[in-house]
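Whatever position you read off the sequence shown (first residue = 1), add 173 for my numbering. Virtual Cβ for every residue (Gly too), placed ideally from N, Cα, C.
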Amino acid sequence: MVRQLARIRQLTRRNHRGRSPHRKMIQQLTLSLIPHPSFSPSSRHLILGLVAAIAGILLSTLLSSPAQSQISLPLAGGETTIQNRTSRAYEQPAPNLDEYWSDRHAVGDRAFEAAFVTAPANVNPGLGPLFNGTSCAGCHIKNGRGMPEKGQRVVRVSQLVSETSTEAIAATHGSSVPTSPALETEVPGANTPPVAGIGLQVQEQGVYGYAPEAVVQVTWQERQGTYGDGTSYSLRSPQLQLSLPDGTPLSEGVVFSNRIPQSVFGVGLLEAVPESEILQLADPEDGDRNGVSGRPNRVWDIVQQTEALGRFGWKANTPTLLQQSASAYFNDMGVTNPLFPDADGNEDINREILEAAAAYVQTIAVPARTLLDDPQVQQGERLFAANCAVCHVAELHTGEHEVPAW
């Protein structure tokens with residue numbers, strides 16, 4: 174009986190949408206368990222009870238098993254890929270980590286979840302005085318995307334400058350152009366002038382006694398349309414209005430971009446892609462004449478004190494996950510750190526915590542694709558390959574990295 178039950182579970186593990194490729198064999202095994210009429214009533218009741226239990230387990234297996242294609246699944250993240258379709262799919266460690274990096278991942282997970290408070294405090298002091306969120310996990314929800322709302326979104330700003338100098342712009346606000354460590358992430362001489370009194374990123378919240386840098390109001394604009402096949406659609410886009418805390422509009426020439434936190438799974442693999450492969454794909458002069466060209470962003474590496482290839486953020490404006498983490502601590506939470514200390518050189522967190530947070534995002538697993546034999550998915554994949562894959566390449570290769578699993 175136990176062997177037969179085990180065989181049934183084995184045969185139903187690879188079911189697809191509730192249909193097992195071995196369903197006839199399963200039926201035969203189940204029928205073989207039905208008691209013969211010659212059995213005593215008590216024996217029949219016992220066996221029928223066992224059959225009912227087996228049927229319940231079988232049904233549970235059919236319903237709970239993830240829908241998977243009978244063809245082999247492509248590994249979305251290579252050996253870091255996991256088969257997980259739960260709400261926690263983005264929060265799993267890569268399955269190929271060794272013991273050391275598994276421990277590093279666990280320590281980094283705690284750093285990523287840590288919520289900061291105003292100093293003095295026994296645990297996680299250092300929030301603010303200006304900030305957007307209080308923790309990494311508070312913006313990257315379950316390691317996925319954040320929401321376009323206060324406490325999660327980031328509004329980036331810059332000042333368009335023509336003949337007017339930044340000093341003159343600052344004078345209109347009665348302040349000097351801020352010297353924020355955030356500016357150090359740009360290549361010296363970059364053409365992204367900060368906004369006087371704000372810098373390059375709006376901190377929408379402040380601890381007690383501190384006003385936020387600006388007030389952001391968002392309204393949504395709906396746009397109706399129709400696809401080529403006659404299907405109607407509705408799209409909405411955010412419309413932002415920024416003002417100073419006292420209600421004064423920002424000066425003319427301020428441009429801004431409303432950004433949501435990006436998902437963080439798989440970024441460790443991107444960090445491990447050799448720069449040469451990215452540069453080869455860029456094709457800045459459109460040498461292959463396909464109408465598509467890319468231009469790598471050169472940014473400032475705080476640690477190496479030199480220009481480097483930008484990889485992370487919506488505009489690829491940070492070169493490494495260590496610097497990305499440090500910038501997020503400082504710009505999003507007001508938490509100073511070894512890469513971005515305060516004016517006196519003080520740090521709210523030490524390098525151990527900073528490196529732990531970076532190690533966490535480096536070692537997150539990548540969920541596998543699903544529904545591969547769904548006709549609509551297959552059609553979408555063909556369309557994507559024909560129109561989108563020129564920029565969003567289907568495959569990248571990792572090189573040497575401090576995480577040996579990559």
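Problem - Sequence ranges, beta strand (DSSP E) only - wholly within the segment 283 to 345, length at least 3 - result: For the segment 283 to 345, whole beta strand (DSSP E) runs of length 3 or above, ordered along the chain, are 327 to 332.
Handout entry: Given Gln496 as reference, the closest of Ala481, Leu512 and Asn295 once Cα atoms are compared
Key = Leu512
Exercise for the section: Give the secondary structure of Ile537 by DSSP, where H, G and I count as helix, E and B as strand, and everything else as coil. Expected result: strand
Exercise for the section: Just mark Gln535 as buried or exposed, buried being the case when its beta carbon has 16 or more other beta carbons within 10 Å. Expected result: buried
Problem - CB of Leu248 within 8 Å of CB of Ala541, strictly - result: In contact: Leu248 and Ala541 (Cβ atoms closer than 8 Å).
Exercise for the section: To the nearest angstrom, report how far apart Trp274 and Ala288 are at their CA atoms. Expected result: 23 Å
Problem - N-terminal and C-terminal residue of the alpha helix (DSSP H) that Tyr502 is part of - result: Leu494 to Met506
Handout entry: Collapsed DSSP secondary structure at Thr253 in the structure displayed
Key = For Thr253, the secondary structure class from DSSP, reduced to helix, strand or coil, is helix.
Handout entry: Residues near Ser338 in its chain [Cβ-Cβ closer than 8 Å; skip 5 each side]
Key = In this predicted model, Ser338 has a pLDDT of only 47, less than 50, meaning its place in the structure is not dependable; the value taken from the coordinates is given anyway. The answer is none, since no qualifying residue turns up.
Problem - Spatially closest choice to Gly250 from Asn560, Thr291 and Val539, by CA coordinates - result: If you compare the alpha carbons of Asn560, Thr291 and Val539 with that of Gly250, the shortest gap goes to Val539.
Handout entry: Three-way DSSP call (helix, strand, coil) for Ser416 in this model
Key = strand
Practice task
In the DSSP assignment, find the unbroken alpha helix (DSSP H) run with Gly398 in it and report its ends.
Solution key: Counting along the chain, no alpha helix (DSSP H) covers Gly398; the unbroken beta strand (DSSP E) around it starts and ends at Val388 to Thr399.
Handout entry: Where Glu575 sits in the DSSP three-state scheme
Key = coil
Exercise for the section: Leaving aside the five residues before and after Arg283 along the sequence, list all residues of the same chain whose C-beta is less than 7 Å from its C-beta, in chain order. Expected result: none
Exercise for the section: Tell me where the beta strand (DSSP E) around Asn431 begins and ends. Expected result: Val427 to Arg432
Exercise for the section: Tell me, please, whether the segment 519 to 526 touches the segment 476 to 489 by the rule of three or more beta-carbon pairs shorter than 8 Å. Expected result: no
Problem - Assumed close pair Leu556, Thr253 - CB separation to whole angstroms, cut-off 8 Å - result: By a beta-carbon distance limit of 8 Å, Leu556 does not contact Thr253. Their separation comes to about 27 Å.
Problem - Beta-carbon spacing of Arg471, Leu482 below 8 Å - result: yes
Exercise for the section: Answer with buried or exposed for Asn463, where buried requires no fewer than 16 other C-beta atoms within 10 angstroms of its C-beta. Expected result: exposed
Practice task
Give me the Cα-Cα distance between Val576 and Tyr533, rounded to the nearest whole angstrom.
Solution key: 11 Å
Exercise for the section: Check each candidate in Gln414, His574, Gln394 and Ser416 and name the one with the smallest Cα separation from Val446. Expected result: His574
Practice task
Compute the Euclidean distance between the alpha carbons of Pro268 and Gly398, then round it to the nearest angstrom.
Solution key: 44 Å
Practice task
Return yes when the Cβ of Leu303 is within less than 8 Å of the Cβ of Gly379, no when it is not.
Solution key: yes
Problem - Own chain, CB closer than 6 Å to Ala455, minus 5 neighbours either side, in chain order - result: Gly467 and Pro469
Handout entry: Expected contact under 8 Å - CB spacing of Trp393 and Pro411 to nearest Å
Key = Approximately 6 Å separates the beta-carbon atoms of Trp393 and Pro411; this is inside 8 Å, confirming the contact.
Handout entry: Residues that Val375 bridges to, as DSSP identifies them
Key = BP columns for Val375 point to Val328.
Exercise for the section: Would you check if the distance between the CB atom of Val328 and the CB atom of Phe429 is smaller than 8 Å? Expected result: Their beta carbons are under 8 Å apart, which means Val328 touches Phe429 by this criterion.
Practice task
Report buried or exposed for Ala516, applying the criterion of at least 16 other Cβ atoms within 10 angstroms of its Cβ.
Solution key: Classification of Ala516: exposed, given that the 10 Å Cβ count is below 16.
Practice task
Along the beta strand (DSSP E) that carries Glu480, what are the first and last residues, could you check?
Solution key: Thr479 to Leu482
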